[in-house]
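Novice: The structure's right below; bear with me while I get my questions together.
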Amino acid sequence: MRYTPRVADKVFDSIEAVVKGLAMSLVELSVSQRKGCVQVRAVIYRDAGGVASPDVGINDCAGVHRAILPRLELAFPGQDIYVEVSSPGIERRIKDGAEFVHYIGRPVTCYRTDISGWTSGVLIGADDNHIVIKGKNGMTSLSYDTIAKAKLTCLAEISEVAQSPRRNKEAAL
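For what it's worth, my numbering labels the leading residue of the sequence shown as 20, then goes sequentially.
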């Protein structure tokens with residue numbers, strides 16, 4: 020898995036400030052232009068005292084949509100703007116190592132290239148080089164280059180992965 024440091028982006032920084040004011044984190048923002056229309060997709064996550072909380076509802080998405088639309092209209096004057104705001108979902112596939120900081124305190128599952136198997140647990144920490152997961156067998160530190168793929172998961176699924184070799188085999192397929 021790659022870790023891509025975020026580069027300065029005026030639109031992202033502007034939207035991130037608004038989202039943070041609503042006690043949310045901006046996980047992903049994609050902006051594309053199609054047929055004279057600017058399409059903006061934002062993925063948000065609730066901050067609960069420094070720990071990510073999975074409960075982002077439709078009212079949260081609607082509130083963020085209303086709050087960021089004026090900033091987007093300033094950034095793209097005179098253009099039609101289509102905005103989609105969503106939560107990462109309960110089993111979000113983590114696309115880049117930089118995303119992990121948003122999910123500290125949440126259960127994750129990582130497929131490792133060094134052992135050709137899954138490691139699951141609660142994400143304890145993340146930085147530019149590695150993550151730390153607290154699992155059934157204690158703490159595990161994984162560098163990004165040993166993570167082939169990762170996703171958010173639920174605690175019940177972590178128990179299944181840890182206990183069922185068949186599930187591990189099926190997940191690898």
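Note that beta-carbon positions come from the ideal geometry of N, C-alpha and C, so glycine has one too.
Source: prediction; values computed, not measured.
With H, G and I counted as helix, E and B as strand and the rest as coil, what does DSSP make of R60?
Specialist: Locating residue 60 in the sequence shown gives position 41, where the first residue counts as 1. R60: strand per DSSP, three-state reduction.
Novice: Is I166 helix, strand or coil when you go by DSSP?
Specialist: Against the sequence shown, residue 166 aligns to sequence position 147. Here I166 sits in strand by DSSP.
Novice: Three or more beta-carbon pairs under 8 angstroms between the segment 42-61 and the segment 90-99, yes or no?
Specialist: yes
Novice: Using the C-alpha atoms, what's the distance from T138 back to C129?
Specialist: Here the question's residue 129 lines up with position 110 in the sequence shown. Here the question's residue 138 lines up with position 119 in the sequence shown. When only Cα atoms are considered, C129 and T138 end up about 5 angstroms apart.
Novice: Compute the Euclidean distance between the alpha carbons of P126 and V141, then round it to the nearest angstrom.
Specialist: The sequence position of residue 126 within the sequence shown is 107, counting from 1. The sequence position of residue 141 within the sequence shown is 122, counting from 1. Going by the C-alpha atoms only, they are around 4 angstroms apart.
Novice: Closest to V59 by C-alpha separation, out of E103, L171, K153, would be which residue?
Specialist: Here residue 59 corresponds to residue number 40 of the sequence shown, with the count starting at 1. That would be E103, whose Cα lies nearest to the Cα of V59.
Novice: By how many angstroms is the C-alpha of A27 removed from the C-alpha of Y64?
Specialist: In the sequence shown, counting from the first residue as 1, residue 64 sits at position 45. In the sequence shown, counting from the first residue as 1, residue 27 sits at position 8. Approximately 21 angstroms between the Cα atoms of the pair.
Novice: Do K155 and I7 count as a contact pair if the criterion is CB distance below 7 angstroms?
Specialist: Outside the modelled stretch of the chain, which goes from 20 to 192, sits residue 7, for which no answer is possible.
Novice: Measure the alpha-carbon distance for D146 versus G108 and round it to whole angstroms.
Specialist: Working through the sequence shown from its first residue, we reach residue 146 at position 127. Working through the sequence shown from its first residue, we reach residue 108 at position 89. Using only the alpha carbons, I get a separation of about 22 angstroms.
Novice: Grouping DSSP H, G and I as helix and E and B as strand, with all else coil, what is C173?
Specialist: Position 154 of the sequence shown, counted from the first residue, corresponds to residue 173. The answer is coil: DSSP assigns C173 none of H, G, I, E or B.
Novice: Check the C-beta distance from L41 over to A81 and give it rounded, since I have them as a contact under 8 angstroms.
Specialist: Translated into the one-based positions of the sequence shown, residue 41 becomes position 22. Translated into the one-based positions of the sequence shown, residue 81 becomes position 62. Between A81 and L41 the Cβ distance is about 11 angstroms, and since that is not below 8 angstroms, they are no contact.
Novice: Is G116 helix, strand or coil when you go by DSSP?
Specialist: Residue numbering aside, residue 116 sits at position 97 when the sequence shown is read from its first letter. G116 falls in the helix class under three-state DSSP.
Novice: Distance check for C56 and D99, CA to CA, integer angstroms please.
Specialist: Within the sequence shown, residue 99 is the residue found at index 80, counting from 1. Within the sequence shown, residue 56 is the residue found at index 37, counting from 1. When rounded, the distance between both Cα atoms is 5 angstroms.
Novice: Run through DSSP, which three-state label would I123 get?
Specialist: Here residue 123 is taken as the residue at index 104 of the sequence shown, counted from 1. Annotated three-state conformation of I123 is coil, per DSSP.
Novice: Grab me the residues of E189's own chain with a C-beta within less than 8 angstroms of its C-beta, minus the 5 sequence neighbours each way, in chain order.
Specialist: On the sequence shown, position 170 is the one that residue 189 refers to. Caution applies to E189, whose pLDDT of 42 falls short of 50 and renders its modelled position unreliable; the model cannot decide the point.
Novice: My output table needs one value for R25: the three-state DSSP class, helix, strand or coil.
Specialist: Translated into the one-based positions of the sequence shown, residue 25 becomes position 6. Residue state, collapsed to three classes: coil.
Novice: Which same chain residues, not among the five before or five after S33, have their C-beta less than 6 angstroms away from its C-beta?
Specialist: Working through the sequence shown from its first residue, we reach residue 33 at position 14. Same-chain partners within the cutoff: R90.
Novice: Have a look at I166 and I113 and give me their C-alpha separation to the nearest angstrom.
Specialist: In the sequence shown, the residue the question calls residue 166 occupies position 147. In the sequence shown, the residue the question calls residue 113 occupies position 94. Each residue's alpha carbon lies about 11 angstroms from the other.
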